[in-house]
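Numbering-wise, our numbering puts 729 at position 327 of the sequence shown, and it's gapless, one number per residue.
Even for Gly, the Cβ is constructed at its ideal location relative to N, Cα and C.
This report refers to the structure that appears directly beneath it.
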Amino acid sequence: MVSTTPSFQPTPSAAAQAATPASARDIRLDFFRGMAMFIILFAHTPGNFLTSWIPARWGFSDATEMFVFCSGMASAIAFGRTFDRAGLALGSVRVGYRIWQVYWAHVGLFFATAALLVFLTDLPFTDRNYWGQMNLWMLFVEHSEDLWANPNILFSFMTLQWVPNLFDILPMYMVILAMMPVFYALARVHLGLVAAVSIALWFMGQRAFTEALGLPYFNFTAEPWVGDDDWQRRWFLNPFGWQLAFFTGFAFMRGWIPKPPVKALLIGLAAFIVIANIPLSNIGVREFGFEWAREWRVENRQLISKTDFGILRYVQFLSLAYLAWVIAGDGGDRIRAGAGWTGRNIWAPLLTVFLKVGQQSLAVFVVSIFIARFNGFAMDMLGRDVAMTLMVNGFGCAVLIATAYGASYFKTQPWRVKPK
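Spelled out as structure tokens, the structure:
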């Protein structure tokens, strides 16, 4: 259903192309986002042996692709209806409001985490510099050369010129959100423009390709006091590359891209791509000792670059996503069927938890980064044997679940008394 405003009238054909097929939230969206949240917690916990076995170690893509792709789908539901109902101007205002929320989540997360790391470092029984491990020297060392080179360090942080280690996902997300009104406007003209602009931005965000052709490389500097030639200090997650994953999910949910058919040939092709990735993956190099794979990864690092969202990451993720989509079934029927949806087995309550965590992904993500650093400290103090590691990770998961339910509770505004 599409509604238009007098100030922005699409042609009938363009309006039909940009129609939204459904407005209901898809259970698959929340399930896989919930799964991504737990994986991100494990991946960001220092010294966590579970990190060696997360899905990212078996292929080129990881939970970041899952999170960004699903965020694109969720944005199509949340913001697409606003654009359809209220028009381009008010839809853009709502996007701007969301960017504002994400910005302050980013700021709060950084200062809360920095305060935690300073507290842990200053404890009398610790012998590690936890804020130093996060490369925050320019904040806490009075005579740091970096501080003298850039005395406006806090201003640089607040304006996203300085993006510290580990705090790169939310800035990337903000930039991509800012692109959404532009892509929506392009879609109302012709969907081909959406694809062309997205692909062009992705290409300009591939450093090796642009350098080879003498073209400018699109990315932001992560540390303003570092010269432009030092590519390592660009944003670790380049929004110009990663927007391709976001708007692919957005396009699927909006109906701009038709859902793929379930065919044996496509299933076989996707399975082949996923399996063929394993020898070239971290597992292939680490566990199977494929030295040729290690050399291949070095020689073809642009194709699998996480910073620029290399093309092979995209292909492998789409293949994995297609298999997950087939396994989940139409509307997530097989996910529900796995639980019996009766509450009589263990899967039903677990599924409920996954869905709740996926529904509150921003709040959960912010807490996961914070609690991951604390969990790393806890294992430094308590040890990293299997039992203790599982216990600490279980604690972290419990905190994420509590955060999801707490955020959901507050969103209901229970303090508002309904009239009798």
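Quick check on the DSSP output: the alpha helix (DSSP H) that includes residue i runs from which residue to which?
i	result
Gln704	Run containing Gln704: none; DSSP gives neither H nor E here.
Met536	Note, Met536: premise wrong, no alpha helix (DSSP H); not H, not E.
His508	490-523
His773	Per the sequence shown, the amino acid found at residue 773 is Ile instead of His. Per DSSP, Ile773 belongs to the alpha helix (DSSP H) from 763-784.
Val527	One point to set straight first is that residue 527 is Phe, not Val, in the sequence displayed. Run containing Phe527: none; DSSP gives neither H nor E here.
Pro343	No answer is possible for residue 343: the residues shown for the chain start at 403 and end at 822.
Ala608	Sequence inspection shows Gln at residue 608; the Ala mentioned does not correspond to that position. Element bounds for Gln608: n/a, residue is neither H nor E.
Gly686	684-688
Trp727	713-730
Ser810	788-813
Phe585	571-591
DSSP state of residue i, grouped into three classes?
i	result
Thr561	coil
Arg435	helix
Ser463	coil
Asn679	helix
Arg818	coil
Asn554	coil
Lys758	helix
Gly670	helix
Asp486	helix
Val596	helix
Pro423	Residue confidence is low: Pro423 scores 46 on pLDDT, short of 50, so the model does not pin down where it sits. No coordinate-derived value is stated.
Gly734	helix
Val664	coil
Phe451	helix
Gly691	coil
Phe471	helix
Phe542	helix
Using the Cβ count rule (16 or more neighbours within 10 Å means buried), how would you classify residue i?
i	result
Asp787	exposed
Asn640	buried
Val819	exposed
Ala424	Its pLDDT being 45, under 50, Ala424 is placed unreliably in this model, and the value from its coordinates should be taken loosely. Classification for Ala424: exposed.
Phe756	buried
His545	A caution first: His545 carries a pLDDT of 45, below 50, which makes its placement in the model unreliable, though a value can still be read off. With fewer than 16 other Cβ atoms within 10 Å, it is exposed.
Gly808	exposed
Trp627	buried
Pro573	buried
Val495	exposed
Thr814	exposed
Ser463	buried
What are the partner residues of residue i, as DSSP defines its beta bridges?
i	result
Thr623	Arg636
Among the candidates the options, whose CA atom is the shortest distance from the CA of residue i?
i	options	result
Ala673	Ile685, Ser683, Gln718, Phe642	Gln718
Val794	Ala438, Arg435, Met439, Pro448	Pro448
Gly493	Met468, Phe512, Met576, Val584	Val584
Leu705	Leu792, Phe692, Leu682	Leu682
Asp710	Ile601, Ser558, Gly534	Ile601
Gly474	Leu752, Phe620, Trp644, Leu668	Trp644
Ala517	Tyr505, Ile737, Asn531	Asn531
Asp735	Ile748, Leu753, Leu720	Leu753
Trp539	Ile555, Leu525, Ile713, Asn777	Ile555
Met468	Arg635, Tyr724, Pro816	Tyr724
Asp432	Val768, Gln761, Ala774, Phe772	Gln761
Leu402	Phe779, Asn537, Phe485, Gln563	With the chain covering only 403 through 822, there is no way to say anything about residue 402.
Lys661	Val497, Val728, Met560, Ala465	Val728
Does any residue of chain D have a CB that is nearer than 8 Å to the CB of residue i?
i	result
Leu667	Checking the listed chains, one finds no chain D in this structure; it contains a single protein chain.
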